[in-house]
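Notes to accompany the following structure.
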Amino acid sequence: MGLFLLPSPFFLLPSPFSSARRTEENVVSLFNTCWLIRQNAKNQSQKLRALCVLAVRKIPGDCSLYSGASARRKQTFMTTTLHLNHEQQAMLRGDAGMAKQMAMRLIVDMAAAAGAAALTPIHSAHLSGVSPLTGGLGLRQFLARLATDPDGQVAVPTTLNAAGCDAAQFPAMRIAVPDFLQHSQEIINLYVRLGVRPTQSCIPYEWEGVVVSGPAAWAESNAICFGNSYTGLLTNRESGLSALAAALTGCTPQYGLLLPENRRPNLEIQVVCDLDDPTDFSILGDWIGSQKQTGWSFPLGPVPLITGLPAVLTHEQRKALTAAAANYGCPLLYIAGSGDPPDASQIQGRLTFTADHLSARYAALAPRQPISLIVIGCPQASVGELRAVAERLRGQQTLSAPGGDRPPLWIFTSSANLAVAEKTGLAELIRGSGALLLANTCPEVVPYDPTWVQHVLTNSMKAEHYIKSGLNGIPTSVMRLADCLAIATGQQSAAAWLPTPAPPPPNDQPDAQPAPPIAPDAPPPSSAPAAVSSFSGQGLPSQGNFLIRGEAFVTAAPITLLGFVNRHTGVIEEPGHPAHGQSLAGKIALFPKGSGSTVAPYVLLELYYRGMAPLAIVNTDIDQQSAPACSLEGIPYAYGFDPAVLTALRSGDMVELRRDGDTVTLRRRASYLETYA
Numbered sequence: 000m001g002l003f004l005l006p007s008p009f010f011l012l013p014s015p016f017s018s019a020r021r022t023e024e025n026v027v028s029l030f031n032t033c034w035l036i037r038q039n040a041k042n043q044s045q046k047l048r049a050l051c052v053l054a055v056r057k058i059p060g061d062c063s064l065y066s067g068a069s070a071r072r073k074q075t076f077m078t079t080t081l082h083l084n085h086e087q088q089a090m091l092r093g094d095a096g097m098a099k100q101m102a103m104r105l106i107v108d109m110a111a112a113a114g115a116a117a118l119t120p121i122h123s124a125h126l127s128g129v130s131p132l133t134g135g136l137g138l139r140q141f142l143a144r145l146a147t148d149p150d151g152q153v154a155v156p157t158t159l160n161a162a163g164c165d166a167a168q169f170p171a172m173r174i175a176v177p178d179f180l181q182h183s184q185e186i187i188n189l190y191v192r193l194g195v196r197p198t199q200s201c202i203p204y205e206w207e208g209v210v211v212s213g214p215a216a217w218a219e220s221n222a223i224c225f226g227n228s229y230t231g232l233l234t235n236r237e238s239g240l241s242a243l244a245a246a247l248t249g250c251t252p253q254y255g256l257l258l259p260e261n262r263r264p265n266l267e268i269q270v271v272c273d274l275d276d277p278t279d280f281s282i283l284g285d286w287i288g289s290q291k292q293t294g295w296s297f298p299l300g301p302v303p304l305i306t307g308l309p310a311v312l313t314h315e316q317r318k319a320l321t322a323a324a325a326n327y328g329c330p331l332l333y334i335a336g337s338g339d340p341p342d343a344s345q346i347q348g349r350l351t352f353t354a355d356h357l358s359a360r361y362a363a364l365a366p367r368q369p370i371s372l373i374v375i376g377c378p379q380a381s382v383g384e385l386r387a388v389a390e391r392l393r394g395q396q397t398l399s400a401p402g403g404d405r406p407p408l409w410i411f412t413s414s415a416n417l418a419v420a421e422k423t424g425l426a427e428l429i430r431g432s433g434a435l436l437l438a439n440t441c442p443e444v445v446p447y448d449p450t451w452v453q454h455v456l457t458n459s460m461k462a463e464h465y466i467k468s469g470l471n472g473i474p475t476s477v478m479r480l481a482d483c484l485a486i487a488t489g490q491q492s493a494a495a496w497l498p499t500p501a502p503p504p505p506n507d508q509p510d511a512q513p514a515p516p517i518a519p520d521a522p523p524p525s526s527a528p529a530a531v532s533s534f535s536g537q538g539l540p541s542q543g544n545f546l547i548r549g550e551a552f553v554t555a556a557p558i559t560l561l562g563f564v565n566r567h568t569g570v571i572e573e574p575g576h577p578a579h580g581q582s583l584a585g586k587i588a589l590f591p592k593g594s595g596s597t598v599a600p601y602v603l604l605e606l607y608y609r610g611m612a613p614l615a616i617v618n619t620d621i622d623q624q625s626a627p628a629c630s631l632e633g634i635p636y637a638y639g640f641d642p643a644v645l646t647a648l649r650s651g652d653m654v655e656l657r658r659d660g661d662t663v664t665l666r667r668r669a670s671y672l673e674t675y676a
């Protein structure tokens, strides 16, 4: 059996993903005991000792898996039998190599968590997690591990998301991060070794030859929403890890948006104002995605039915709408009058988007400080967008670098669209104006140099959402394309563009922009010993019995790993979040689920490789961001707990997480003394 080295202070453990072949069909448990010593972040004089008993189980072809999807709140679990064919069983045994075995373990875990009774073949995959800014050390180390397997090749046509830079124009991008270009090329080369097509594009739906119909596993949020909404694609909102696992195995659990009954709208949006510019649609999409009301339950994210829009929209309008709606997890939307009307029986709420909403958002997003850089093309610019840019730049002059009398202009597109622009003269027009025309990268995954990029202007709510996040933390403003380009050419002064704020929307029209502050968590525990509380959930099939004791980290708010959790320390860095400033490292982390980007699992992997991951993760809902990383690296994971656990337990409580068979029990320990008895 192979060995792998867990980050300090772990000891060597037998690897659950050894390439050694095994023929037993029975369940084999491999018990290993490890001890960790963790410093208590609140009191450096106290040390936590965690006992972790890990087990890896062999899973037969017909797996009895436990799903709490329909019975979670009652704390009972329904048994689902997952049928694996001979090829899938062989992958699970390791007969097809280490990479496919790891991938199939993750697929089986995801199927169990979703209550899926079958796996379905996929026609295509699209992988997120390409830029060192988003994937980081976790991505590089994980891909390097997979690439050591000569049999580790994707089983279906697989495309790659946008990279963190344009390698051919790297000096012009003024990226100051050490070794960034080297790390970027390393990531791309590792994907290529796995058989992935290096498209380096966040718009696979615009590429010739990419399959956009039937079951798929896509992991770029804007592409997921676009494909589900406007093409024949059927894909869940995959994480970067789960999409890679599906690409390697050629299958994915049959659940969620792959089932017709789950593709019904759950929210109705009536638009009662005129929208024209793609940025208008971007603002609408972001507004829809951010709407939250007590009582709504959107386990797969908001799926809006939008009325009041023209039945025929341009490609750029549709693209801007879905890309921004995906900011908050919208995987699919419907436009009334376009295609067959959907079954609206699952609508849970109705909202109205007015001219006041639109003007109020533009006013709130207008520049309020000097602009350092203007970026266009998030998602990467289509040929139509490049044409619109070129026409407005004809005869005008812009800058590509700082130091002039106006901010530089950078245009981002795909290599496929750049090739068209070269043939049609659009590229010559754009470059002739002085603008920097970039390919293979996207504004949201570039690490901007903060010494000169201190405020970004864009025409995309998707770019605004991520550039201002912890990835770069740069204030970002939004204007229509014509205004962005007018500022870039000096025809308009940003300082003069200060619109009069519109009156707030009527009280009966909820508006989550800006998003309301997250409700605070329960107050810190008193010094008096708390009564022992016990809750039950379930674990992943690939993980056996375990026992974890340590300090709890508890928040009732979802955690956005990418951009808002420090990947070196595990500290949550999201002002307004109830756990802002607190660290997950070395604790048993309890939270509802993750939110945000599909690249988030790589943040957890990096924390794990650095020795700063949680001891274990407990979710009330299955988390497509935490679970994949936990499955692949054996981080103890449990889910399906009653939400009451998030109020009954508090950060700082000493807790015990025990898995016995298919049940995971979480209980509060009355004191440190009891914990270590």
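Just so it is clear: in the sequence shown, position 167 is 166 by numbering that gives the first Met the number 0, and no numbers are missing.
The beta-carbon is built from N, C-alpha and C at its ideal position, and this holds for glycine as well.
Taking 4 residues as the minimum length, the alpha helix (DSSP H) runs contained wholly in the region 425-479 are 425-431 and 460-466, in order along the chain. Straight-line measurement puts the Cα of F545 at about 19 Å from the Cα of V107.
Our two residues, A175 and D659, have alpha carbons roughly 50 Å apart in a direct line.
In the three-state scheme derived from DSSP, where H, G and I count as helix and E and B as strand, P303 is classed as strand. Around the beta carbon of W295, fewer than 16 other beta carbons lie within 10 angstroms, which makes this residue exposed.
By the Cβ criterion, the region 384-395 is in contact with the region 406-424, since at least three pairs of Cβ atoms, one from each stretch, lie closer than 8 Å.
Per DSSP, the beta-bridge partners of G549 are V654. As summarised for the region 151-217, the continuous beta strand (DSSP E) elements at least 3 residues long and confined to that stretch are 157-159 and 212-217, given in chain order. In this structure, G489 lies away from R566, with their beta-carbon atoms at least 8 Å apart.
Below 8 Å, too few C-beta pairs join the region 389-403 and the region 183-198 to call them touching: fewer than three. K318 and F225 have their C-alpha atoms some 7 Å from each other. In this structure, the straight-line span from the alpha carbon of Q624 to that of L603 is close to 9 Å. Of all alpha-carbon atoms in Y361, S212 and G651, the one lying nearest the alpha-carbon of N458 is that of Y361.
It is roughly 25 Å from the alpha-carbon of R668 to the alpha-carbon of G610. In the structure shown, the three-state DSSP call for D482 is helix. The way I'd put it, the region 546-559 doesn't touch the region 82-93; fewer than three beta-carbon pairs between them come closer than 8 Å. Secondary structure of N565 (DSSP, three-state): coil. Taking C-beta atoms under 8 Å as the contact rule, F534 and V644 qualify, at a distance of about 5 Å.
A distance below 8 Å separates the beta carbons of S127 and V598. If the five residues before and after M103 are omitted, its C-beta is found closer than 7 Å to the C-beta atoms of Q87, M90, L91 and T248, all from its own chain and listed in chain order. Across the structure, V419 and A98 are spaced so that their CA atoms are roughly 37 Å apart. The three-state secondary structure of V598, taken from DSSP, is coil.
Inter-residue distance for N439 and S337 is about 32 Å (C-alpha atoms, whole angstroms).
Sequence-distant partners of A322 (beyond 5 residues in either direction) whose C-beta falls short of 6 Å from its own C-beta, in its chain, are N221, P378 and K461. If you look at P120, you'll find it in the beta strand (DSSP E) that goes L118 to P120. Going by DSSP, T412 is part of no alpha helix (DSSP H) but of the beta strand (DSSP E) stretching over L408 to T412. DSSP places V617 in the strand class (E or B) of the three-state scheme. Separation of T662 and G633 (C-alpha to C-alpha, rounded to the nearest whole angstrom) is 17 Å. The alpha-carbon of E427 is positioned some 7 Å away from that of E421. Annotation for A146: L189 and R192 place their beta carbon closer than 6 Å to its own, counting only its chain and skipping 5 residues before and after. Of all C-beta pairs linking the region 254-264 to the region 128-143, fewer than three are shorter than 8 Å, placing the two stretches out of contact.
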